[in-house]
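Take the sequence shown: its letters are residues 2 to 280, numbered as in my numbering.
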Amino acid sequence: MNIRFIPQEEIDRQLYNSCVHFATNGSIYGYDWWLNNTARDWDLLVEGDKYVSALPLPKTKNWLGRLQLEQPRLVPELALYSVKPLSKKRVASFWEAVPAEFKRGSLTLEPWSIPDEKTRFQLTEATGSVLDLSRPYEEVTDNFDPAWFNELAKAELADLMPTGNLKPERIAALYRDFHGAGTETDWHFHAMQRLMYQTLHRGWGGPWGIQTREGEVLAAVFLIYSHGRLFPLAKTVTEVGKKTGAEAKLWDNILHAHCGRPLRIKREEIPYIGETEKN
């Protein structure tokens with residue numbers, strides 16, 4: 002198997018993004034523009050001249066100056082992206098091909114990208130269950146936890162209303178206000194704006210919000226569409242929103258708009274609905 006290491010500055014962006022786009026396990030987190038705004042420093046392992054498989058290697062240096070793998074912020078999971086089946090041999094070959102200069106580190110990956118044999122890296126399987134939105138709204142929500150319906154009742158009493166008129170700066174500011182000032186929050190404030198504008202430029206997503214009749218935004222999220230999935234970014238609910246069911250109302254609007262379409266979302270992204278579906 003022809004696996005090559007390619008440093009960041011030599012990556013063919015078109016070939017790499019094409020691999021992520023058409024991969025059977027592709028996701029928004031794999032695209033070069035997402036990694037450029039989150040990992041910053043990353044290299045690549047590729048299979049073949051046409052990049053039929055590709056494994057991003059986000060990297061940092063420790064205090065001794067040694068290279069190590071590190072999970073980027075705003076990237077819940079990565080993968081060995083491939084337009085070919087992810088056989089055990091293919092996965093193992095890629096991890097064996099990681100250059101020796103990468104001494105250690107940890108990554109969270111989708112389950113099929115983790116080799117059977119241990120490596121020098123700590124590889125964690127991404128968790129979460131799938132909520133299938135292809136069914137009608139009534140079927141999707143039928144087994145939701147009672148807490149979901151209690152929150153919707155609060156929102157009804159509070160007379161909340163939807164809004165989509167939210168710029169990335171506004172959503173990021175809500176996130177910063179809720180989480181408080183600090184180095185980590187400031188990083189998210191700027192990074193999320195860049196990601197939202199990149200997404201808007203491609204027409205792959207947009208803002209969703211809930212506000213009072215007076216225009217006070219109580220809950221918001223920037224929703225991204227990729228590979229038949231919904232990826233929420235910058236989820237925020239204010240303290241008033243928590244008391245008035247704004248977050249459940251927000252997601253109820255999203256479900257009403259997306260149920261019946263061939264889409265999926267991680268169940269854990271939606272509050273109050275319970276951990277698993279009941280049969």
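Backbone N, C-alpha and C define an ideal beta-carbon position, used for all residues, glycine too.
In the three-state reduction of the DSSP assignment, Val21 falls in the helix class, which pools H, G and I. Gln123 is bridged by DSSP to Ser107.
Rounded to the nearest angstrom, the Cβ distance from Gly207 to Pro163 is 13 Å, too far for a contact under 8 Å. Residue pairing by DSSP puts Leu45 in a beta bridge opposite Ile7 and Pro57. Annotated as distal: Lys104 and Leu58, with beta-carbon spacing of 8 Å or more.
Per DSSP, the continuous beta strand (DSSP E) segment holding Phe232 begins and ends at Arg230 to Val238.
Look at Met162 here: in three-state DSSP terms it is strand.
By the Cβ rule, the segment 228 to 245 counts as touching the segment 160 to 179, because three or more pairs are nearer than 8 Å. Of all alpha-carbon atoms in Pro112, Gly183, Ser135 and Lys119, the one lying nearest the alpha-carbon of Glu126 is that of Pro112. Looking at the DSSP output, Arg265 sits in a beta bridge with Asp133 and Arg230. Excluding the 5 residues flanking it on each side, Asn254 has same chain C-beta neighbours closer than 8 Å at Pro163, Trp209 and Ile211, in chain order. For the set Thr39, Cys20, Asp44 and Tyr32, the Cα lying nearest the Cα of Phe6 is the one of Asp44.
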